[in-house]
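What follows is a short report on a single structure.
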Amino acid sequence: MNFMSDMDLVEPTLGDLAFRKDVLSGLSQLQPAIPPRWFYDHRGSELFEDITRLPEYYPTRAEREILHTHGHDMARLIGPGRTVVEYGSGSSAKTPLLLSAVEPCAYVPIDISGEFLMESAGALREQFPGLPIHPVQADFSSQVSLPASMQPPYLGFFPGSTIGNLLVTEAVDLLRRMAKTLGPDAMLLIGIDRVKDERILLPAYDDAQGVTAQFNLNLLERINRDLDGTIPLNAFRHRARWNTKQSRVEMHLEAMRDVSFKVDGYAFKMQARQTIHTENSHKYDPRGAAVLLSAGGWLPMHEWTDASGLFSVFLARA
Ligand code: AVJ
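Numbering (the working numbering), first residue to last: 20 to 337.
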């Protein structure tokens with residue numbers, strides 16, 4: 020059944036226009052590429068939650084272990100009474116660990132997915148009654164303004180190695196924007212995934228159950244649904260590769276045959292084995308991470324790691 024609702028008459032939102040622009044320009048490049056932030060529609064956010072529970076996907080477990088084991092140590096260095104500003108909070112699964120350790124005076128989760136933001140804010144309000152929570156729906160690829168009622172000093176929280184999605188130059192820009200938003204007395208607690216053996220890295224992005232493949236392919240479903248696309252999903256397969264020179268895991272969607280399709284009325288052609296590059300996940304060794312933070316305007320104070328040394332959490336000050 021297909022009813023015409025008021026929604027059909029509404030103008031496309033800024034988000035829709037940005038998606039259209041990123042997809043049409045991305046598919047027109049010599050190496051087709053679509054930025055990874057478009058993975059996270061409702062289905063994509065659910066699939067990412069599933070990824071975090073996979074045996075091969077170590078980052079979430081390792082970071083939780085770090086926050087759990089060293090929470091008190093972190094709280095001692097951070098001190099009580101800061102307003103915690105979480106970037107890309109998603110389902111905020113790690114947030115309770117932080118909030119119960121640092122005694123914040125308020126919590127500001129920032130995410131592009133309004134739906135997930137409201138859901139998780141609701142859950143946290145129950146768990147932390149009395150803590151003011153002010154969700155902000157925003158894309159932190161541009162400058163974010165904090166709600167006027169929020170008071171410094173701030174603690175930026177950027178877990179999950181989300182920073183790894185960005186090229187080094189973009190990561191430096193984002194860190195500088197954070198420093199500007201959070202002010203001179205701010206601190207930043209940031210999760211950064213480490214360089215390690217390919218035999219651990221690759222399965223984390225190409226799991227046996229094929230959940231990461233579904234997550235990657237869901238982007239094509241989203242294009243077909245939201246941008247009037249005709250991409251044959253069965254012509255593409257998920258690929259993960261380790262790019263040593265650029266120290267990153269790349270995800271691609273590889274055409275298994277010559278394929279033509281339309282998106283929003285525009286025709287595209289790809290040859291067999293050509294790929295759409297959908298994600299970079301940069302990995303840093305401890306010195307690389309410290310240099311990145313410094314270039315972004317943050318002075319590293321402390322690094323914690325899990326027992327297996329897979330993942331790092333850094334505390335830095337502005
Ligand atoms: C959410 C960006 C940290 O790069 O590890 C997981 C996303 N992609 N599996 C990552 C992701 C494929 C994840 N980040």
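Glycine included, every Cβ here is placed at the ideal spot set by N, Cα and C.
These numbers were taken from a predicted model, which means no experiment stands behind them.
- Under the 8 Å Cβ criterion, the region 274–290 counts as touching the region 39–51, having at least three qualifying pairs.
- Listed in chain order, the non-local C-beta contacts of Asn237 below 8 Å within the same chain comprise Phe58, Asp60, Arg62, Gly63, Leu66, local neighbours out to five positions each way being set aside.
- It is roughly 48 Å from the alpha-carbon of Ala274 to the alpha-carbon of Val121.
- Relative to the Cα of Val103, the nearest Cα in the group Arg256, Glu82, Tyr126 belongs to Tyr126.
- Burial state of His87 is exposed, judged by a 10 Å Cβ sphere holding fewer than 16 other Cβ atoms.
- Under DSSP, Val104 takes part in a beta bridge, and its partners are Val127, Gly175.
- Fully enclosed beta strand (DSSP E) runs of no fewer than 3 residues occupy 267–274, 278–282, 285–289 of the region 257–298, in order along the chain.
- Rounded to whole angstroms, the gap between the alpha carbons of Tyr77 and Ala223 is 7 Å.
- A distance below 8 Å between beta-carbons, with the five flanking residues on each side excluded, links Phe177 to the following residues of its chain, in chain order: Glu105, Tyr106, Gly107, Met197, Leu207, Leu208, Ile209, Gly210.
- Note that the C-beta distance between Phe147 and Leu118 is below 8 Å.
- In this structure, Glu298 has its beta carbon less than 7 Å from a heavy atom of ligand 1.
- Under DSSP, Ser331 takes part in a beta bridge, and its partners are Ile211, Thr324.
- Here Ala81 is buried. Its C-beta has 16 or more other C-beta atoms within 10 Å.
- Setting aside the 5 residues that flank it on each side, His257 is surrounded in the same chain by Ala232, Asn235, each with a C-beta closer than 6 Å to its C-beta; the list follows chain order.
- With fewer than 16 other Cβ atoms from the protein chains shown falling within 10 Å of its own Cβ, His321 counts as exposed.
- Look at the beta carbons and you see the region 181–188 not touching the region 136–155: under three pairs across the two are nearer than 8 Å.
- Pairing Leu116 with Arg83 gives a Cβ-Cβ distance under 8 Å.
- Closer than 7 Å to some heavy atom of ligand 1: that describes the Cβ of Asn184.
- Counting every other CB atom within 10 Å of its CB across the protein chains shown gives His89 a total of 16 or more, marking it as buried.
- When DSSP reads this structure, Gln156 sits in a beta bridge with Asp130.
- Within 10 angstroms of the beta-carbon of Ala205 lie 16 or more other beta-carbons, which makes it buried.
- By the C-beta density criterion, Asp277 is exposed, having fewer than 16 other C-beta atoms within 10 angstroms.
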